[in-house]
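Worksheet: one structure, shown below.
Residue numbers (this note's numbering): 0 to 331.
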């Protein structure tokens with residue numbers, strides 16, 4: 000009996016240090032994430048996992064770090080594993096939805112966000128997914144409720160984007176201007192206004208001025224560079240367009256909107272085959288839903304790619320159209 004009691008006590012004691020280490024490690028990762036140090040958090044997750052840390056603890060944290068770094072495919076994979084280990088965990092479901100949103104898969108994101116309890120972050124993310132899926136009539140009530148409680152720049156620019164999508168330039172302008180007034184050094188606000196207030200209504204010179212501001216505050220802002228390149232393209236400034244779009248692609252290799260713009264540029268230069276290759280690549284990356292069915296229409300003019308007989312129907316390297324639609328921004 001004494002031996003049995005000793006074994007039980009020893010087992011509980013031996014578990015203590017490991018659990019304490021895991022708790023301490025998780026706190027370190029959480030602190031790094033909260034301080035905006037996603038890369039530090041990612042490295043810490045790797046260190047603790049290599050030491051045998053609890054995957055149920057560190058994999059969901061790693062998913063969040065990947066999302067913050069824009070590595071959405073890796074985040075989605077980690078979130079899926081984390082949910083297998085801890086089904087229904089709300090924080091992990093949120094990260095799963097964010098990953099889908101970042102991969103331009105709005106319908107999948109909507110399913111995840113909709114399953115969560117209502118709250119400011121959930122409502123904002125759900126509204127973003129609705130907007131990306133061209134369901135702004137469902138997004139607007141969520142955004143208006145958030146703005147009524149607290150007029151935050153992110154909710155204002157999302158609502159402005161939805162108004163623009165619905166053709167309401169007046170309300171779009173008011174919301175996007177207010178977002179900049181509240182956070183004038185946030186490059187996302189300038190990029191959003193350039194895209195949704197100016198470029199969406201054909202004023203590419205003013206759009207470029209806003210993109211310039213976004214790039215001034217963040218020279219590595221791939222979305223703003225790509226959008227500025229598209230506006231240069233619309234103004235027939237092809238060399239400037241090429242420079243910006245290619246730079247955007249180097250800074251973010253997984254952005255389908257870069258491939259779309261490279262395709263438009265190639266087509267403008269008379270390189271139809273090259274244009275089609277870029278359009279297919281954009282579709283394989285998840286499509287460009289913010290431009291509606293444009294990509295599908297562009298691909299109608301491209302020759303059909305045959306599937307090799309020795310590959311399965313969904314074999315590697317065969318672009319498959321993916322419905323839906325980026326994650327932290329409402330402009331591509």
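Don't be surprised by glycine CBs; every beta carbon is placed ideally from N, CA and C.
Query, Result
"Beta-carbon spacing of residue 178, residue 191 below 8 angstroms", "yes"
"Closest Cα partner of residue 126 within the set 139, 114, 116 and 118", "139"
"Cα-Cα separation, residue 294 to residue 214", "27 angstroms"
"Residue 152 burial status per 10 Å Cβ neighbour count (16 or more: buried)", "buried"
"With 16 other Cβ atoms within 10 Å as the buried cut-off, status of residue 204", "exposed"
"Own chain, CB closer than 7 angstroms to residue 96, minus 5 neighbours either side, in chain order", "108, 111, 112 and 124"
"Given residue 119 as reference, the closest of 70, 185 and 141 once Cα atoms are compared", "141"
"Residue ranges of each alpha helix (DSSP H) within the region 110-194, 4 or longer", "119-131, 135-148, 152-164, 168-181 and 186-192"
"Residue from 235, 296 and 163 with nearest C-alpha to residue 268", "235"
"Residue 220, DSSP secondary structure in three states", "coil"
"Residue 301, DSSP secondary structure in three states", "coil"
"Whole-angstrom distance between residue 257 and residue 53, CA atom to CA atom", "39 angstroms"
"Residue 233 versus residue 161 - alpha carbon distance", "23 angstroms"
"Cutoff 6 angstroms; reference residue 227; Cβ partners in own chain excluding five residues on either side", "207, 210 and 243"
"Cα-Cα separation between residue 74 and residue 63, rounded to whole angstroms", "7 angstroms"
"Contact set for residue 57: own chain, Cβ-Cβ below 6 angstroms, skip 5 residues either direction", "44, 47 and 48"
"Within 8 angstroms, strictly: CB atoms of residue 174 and residue 132", "no"
"C-alpha distance - residue 290 paired with residue 198, whole-angstrom precision", "12 angstroms"
"As assigned by DSSP and simplified to three states, the class of residue 239", "helix"
"Candidates 98, 303 and 252, of which the one nearest residue 275 by Cα", "303"
"Exposure label - residue 103; buried when at least 16 CB within 10 Å", "buried"
"Pair within 8 angstroms by beta-carbon distance, residue 163 and residue 196", "yes"
"Presumed contact (8 angstroms Cβ cut-off) between residue 223 and residue 255, rounded CB distance", "At roughly 16 angstroms, the Cβ-Cβ gap does not stay under 8 angstroms, so residue 223 and residue 255 are not in contact."
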